[in-house]
Each structure stands twice: as structure tokens, then as C-alpha cells.
Amino acid sequence: MTATPEDRLPDTATPRISRGVRLRFDEARETYMLLAPERAVKVDPIAAAILEEVDGTKTFAAIVDTLAAKYAAPREQIAGDARRMLVDLLDKRMLEIAP
Amino acid sequence: MNAPVVSPEPVKAVRRVPPPMAMLAELTHRCPLKCPYCSNPLEMVKRADELTTEEWTSVLRQAAAMGVLHVHFSGGEPAARRDLEDLVTVGREVGLYTNLITSGVGLTEARVKDLSARGLDHVQLSIQGTDSETADLVGGYRGGFDHKMKVAAWIGAEGLPLTVNAVMHRRNLHKVRETIHLAVELGARRIEIANTQIHGWAVKNRAALLPTRAMVDACTAVVMEERERLKGTLVIDYVPPDHHSIYPKACMGGWGRVGINIEPNGKVLPCHAAATIPHLTFETVREKPLAWIWNESSSFNAYRGTDWMPEPCRSCERKTVDFGGCRCQAMAYAGDASATDPMCIKSPLRDTIRQLTEAESEVGEIPAYEYRTM
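Protein chains in written order, with the working numbering: chain A, 1 to 99; chain B, 1001 to 1374.
This is the structure:
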């Protein structure tokens, strides 16, 4: 019954950051933070790089392509890491799939 | 031989205090509801003493500059302030995440639209029950429940993220599943199921508010079940009542560690109940810069960190988990704000509390409420 990460976020889906969730650089703590209701999640540079590609227009596959080109890293590894992180944010309702 | 060495100026130790994450801005103590567990202090700030728009603007700027990330506009009922909208604008301008904690009473469709247009990030709407009869009895405000349902719809229509804030106690704890389902129906992304804290005004109604142990256990089981079932639909944050728990809650995430509270008159507190500790004096933003109060004031340093702790906290392995629990609760029950939180199993008062709790939360008629009025 449990949906796999690929079911939750297929290659063709377009993820977007939900309203009420904001990524910003926190000058005082010198780190990116993801701000959501009652939550402030420290975002490491890799996660920030992924989230910066989540613009509500690119599909998951396109996001992975962009990152693979930008960082010259194996596509498969990027897809795995990005999907794991984004599905976690879907569970936390910080991310949604654009219709 | 050598030139005399001029002794350098003594180096003053610089206190390194991490900045607060969140600021609770209690814009006013005025509120149309009369909840028997009202969290406003016993002595409320009068309207004439409230900070002006300009003063709040300065507080918001100072907070953002210090490193505060979230501002929670609260009260009382923050919608009772006509400048709520302007303060949201300022909050966004300085980069704060703006959250409105409201009963919904005082909000109109036009105001919700305006707040949304100004960039309000999130709304937290309280509900007192899942039907008008119960909810209006608890809030002491007829028509409150129906109005809240409308407010939730207006928030939804704007696409504003909504958290339902459900305060639970003896009269509604058995309805926790219905409460969660109502939150889903209202389109909330998140629900906060918070058991009433027995502080301040709530002490007068303790016997009417405390649930039985069996009610709490049943509630916890429902929450766990629904949390799993609603994964991806609704985030459930659950604060169980600590009168029935083993260890105290990490009150405020530690004194002077995460949060800063501003009362309507600008008095700055480490937690909204801190003024119940009589030997502490609190500065106001009218007298001192916010950053000085956070870093240097005696009130913020009184119970910060772990150095202040007596035994059994001092040698406890949980001292950096729950930070000794709640100082105000220690004050209320032990008469000593530095005592171990009386809800902790290691407190000598724990058994007395348990007996009191079990006697008062006996099954039977719920005593009539002593309502809170301004």
C-alpha cells in the first residue's frame, strides 16, 4: 500500500514550494533557512541548490538535468538525493505538486 | 632593560548568545472571547498603554536585525488592532515570516483579503470545539464557532496556509478525532493539538479543565493513528498535558534560547507567563534596545543555559533536553522558580501533583467555568 518515492514524485511531476514556505539566506546564522509555519529548517548548500531549481515550472526530470549539468555529477545519484529530500518536504506539506 | 610593559586593558568577556528564532508580538490583551484557560496574564495591559504603530515598527526592525526569523502576531485578539495590516507590511519588508494567531473574531472577508495581499505568510485559527454548542460554551461568545468557519473559508479562498489551533481539555478531549477531521475539512495544512496549560487564569478552572488519565491516553492513541493516516495531508503537532507525563516539557525550548515575547506595552519576556515570577524585573522596548534585553538583561540570563540549575537538574542527563522544564510552573507549585519543574518525576512534588490531578480529574460533572472578561 505504501507509495514509493517515485510514485510520490514522478519524473513528469512539477514540484513547487507551497505558499507560506520561503527559502531565504539568514545573515545572522550564515545559512539558508526554509521558513514554514512554526518551522525553520536549516538548509545545507546542496539542499539549497536543489530548492533553487524548484520554481514551479520545471518537472522533476528537468530539475535533475539542470543540477547534473551544473555540478557535473552522476544523474542517478542526484535524482536519488533530490527525490528523497523533496518527498520529505511533501510529507511536511512544505512542497506540493503543481496541477 | 626592557621598557615597562603596559598592561593591556582588561578584556571584558563578551557574552555570546545565539539570537532568538521567533518573536511573539502580543499586540493587545483585548479579546472578545472569555476562555476559561485564557493565557493573558492576570494583570492585563490597558489599551492606552499599548505600543503605538511606530513603536511596533521599531520592534519589528530590531527583531529582524537581531536574527529573528518568525514573528507571531498574537494577543489577546490581534485583529482588535486597526494597524494589524500595516504591521504585517512592515514585518514582510524587513524579511520576517509573518504569522497571525487569531480567534477569527474581528476578521472580515475584506480584512483577510487585505492581509493576504500584504504578504501575510500564515494564519493560525483557534477553535474551541467541533460544534457551535460546545465551542461557544468554552469561548463564552455566541456565534463564535459559525464565524470561525467563515474565516477559515476566506483564508482558504486566498490560498493562505492555515493551521488550526485546537486547545484541548476535559470538555473536548474525547472529540480529538472529530477535531482533526474538521481541520482537514477546513483545508488546514497543520493542526496544533495543545492541551491546556494550567497557568494564570486557567488555575481558577483547573478542576473543569484537567482531563482524566484515560482520556489523555485515548487521545494520544488517536493522534498517533491519524498522524500516520493523514501523512502528506495534515501535519499534526501534539502537546500532551504534562500533568500526566513523566518528564517536563522543554518549556519555550529553554529560557532565553529560542523565543522572545513582547507584551502589548513593550515589556519583553522570555515566555508569556514569566511575569508571574515576582523577583524578576523586565525591561521594555521603550527603555532599552531589544538586542540588549535579549543578550544582557538579568531576566533573560536568570535561567538561561544550565548554570543556574540546582539538583536534581544539575546532574540530570536530560538537562539539555528539557532545560529543567517550566520556571513559571516551578514558581506556581513549588514557590521557587529555580526548583525542578514539579511535573518531573524527579521533583519531590510530583506525587502531590499526581494526587491532586487524579482527584480533580475524576469522572463526573464538569464544574461551571469562571470566565475571563476584560
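We put the CB at the ideal spot given by N, CA and C, even for glycine.
Every value quoted in this text rests on a predicted model; they were computed, and no experiment measured them.
Contact list for residue i against chain B, beta-carbon separation under 9 Å
i: L90 (chain A); result: G1232
i: R93 (chain A); result: P1161, R1189, R1190, G1232, T1233, L1234 and V1235
i: A40 (chain A); result: M1021, A1022, L1069, H1070 and Y1097
Euclidean distance between Cα positions of residue i and residue j
i: G1254 (chain B); j: E53 (chain A); result: 36 Å
i: A1250 (chain B); j: A1273 (chain B); result: 15 Å
i: S1234 (chain B); j: R1206 (chain B); result: First, the residue type needs correcting, since residue 1234 (chain B) is Leu and not Ser in the sequence shown. Going from the Cα of L1234 (chain B) to the Cα of R1206 (chain B) covers about 31 Å.
i: L1290 (chain B); j: G1156 (chain B); result: 35 Å
i: A68 (chain A); j: K58 (chain A); result: 14 Å
i: G1075 (chain B); j: K1231 (chain B); result: 31 Å
i: P1008 (chain B); j: A1166 (chain B); result: Because P1008 (chain B) carries a pLDDT of 49, less than 50, the predicted location of this residue cannot be relied on, and no value is offered for it.
i: M1 (chain A); j: R1016 (chain B); result: Unreliable placement is indicated for M1 (chain A), whose pLDDT of 49 sits below 50; no coordinate value is reported for it.
i: A1013 (chain B); j: I1260 (chain B); result: For A1013 (chain B), the pLDDT reaches just 49, beneath the cut-off of 50, and the residue's location in the model is therefore unreliable, leaving the point undetermined.
i: I1193 (chain B); j: I1101 (chain B); result: 14 Å
i: L1087 (chain B); j: L51 (chain A); result: 29 Å
i: V1112 (chain B); j: P1032 (chain B); result: 18 Å
i: V1164 (chain B); j: I1127 (chain B); result: 7 Å
i: N1002 (chain B); j: T1057 (chain B); result: Here N1002 (chain B) scores only 48 on pLDDT, less than 50, and its place in the model should not be relied on; the value that follows carries that caveat. For N1002 (chain B) and T1057 (chain B), the distance between alpha carbons rounds to 58 Å.
i: R1318 (chain B); j: A1330 (chain B); result: 17 Å
i: A48 (chain A); j: A1065 (chain B); result: 23 Å
i: A1135 (chain B); j: P1211 (chain B); result: 17 Å
i: V1123 (chain B); j: P37 (chain A); result: 9 Å
i: M1044 (chain B); j: T1028 (chain B); result: 9 Å
i: M1021 (chain B); j: G1067 (chain B); result: 7 Å
Three-state class that DSSP yields for residue i in the structure shown
i: D1322 (chain B); result: coil
i: R1170 (chain B); result: coil
i: S18 (chain A); result: coil
i: K92 (chain A); result: coil
i: M1001 (chain B); result: In this predicted model, M1001 (chain B) has a pLDDT of only 43, less than 50, meaning its place in the structure is not dependable; the value taken from the coordinates is given anyway. Correct three-state label for M1001 (chain B): coil.
i: F1282 (chain B); result: coil
i: G80 (chain A); result: helix
i: D1083 (chain B); result: coil
i: K1288 (chain B); result: coil
i: V43 (chain A); result: strand
i: T1089 (chain B); result: helix
i: N1295 (chain B); result: helix
i: D26 (chain A); result: strand
i: S1074 (chain B); result: strand
i: I50 (chain A); result: helix
i: D1259 (chain B); result: Per the sequence shown, residue 1259 (chain B) should be read as Gly rather than Asp. Here G1259 (chain B) sits in strand by DSSP.
i: V87 (chain A); result: helix
Chain-ordered chain A contacts of residue i [CB-CB under 9 Å]
i: M1066 (chain B); result: A28
Partners in chain A for residue i, counting only beta-carbon separations shorter than 7 Å
i: H1122 (chain B); result: G20 and P37
Using a Cβ cut-off of 9 Å, which residues of the region 5–37 of chain A contact any Cβ in chain B, in chain order?
-> Residues passing the 9 Å Cβ filter: R8, S18, R19, G20, V21, R22, R24, D26, E27, A28, R29, M33, L35, A36 and P37.
Jot down the residue ranges of each uninterrupted beta strand (DSSP E) in the region 1198–1243 of chain B, minimum 3 residues, whole runs only, in chain order.
-> Runs found: 1235–1239.
Enumerate, from N- to C-terminal direction, the unbroken alpha helix (DSSP H) stretches of 4 or more residues contained entirely within the region 1098–1185 of chain B.
-> Counting only runs of 4+ residues, the alpha helix (DSSP H) found wholly inside the region 1098–1185 of chain B occupies 1109–1117, 1132–1139, 1144–1158 and 1176–1185, in chain order.
Residues in the region 1138–1157 of chain B having any Cβ partner in chain A nearer than 8 Å = Of all residues in the region 1138–1157 of chain B, none has a C-beta nearer than 8 Å to a C-beta of chain A.
Inside the region 1300–1373 of chain B only - alpha helix (DSSP H) runs reaching at least 4 residues = Counting whole runs of 4 or more residues, the region 1300–1373 of chain B contains the alpha helix (DSSP H) stretches 1327–1334 and 1350–1360.
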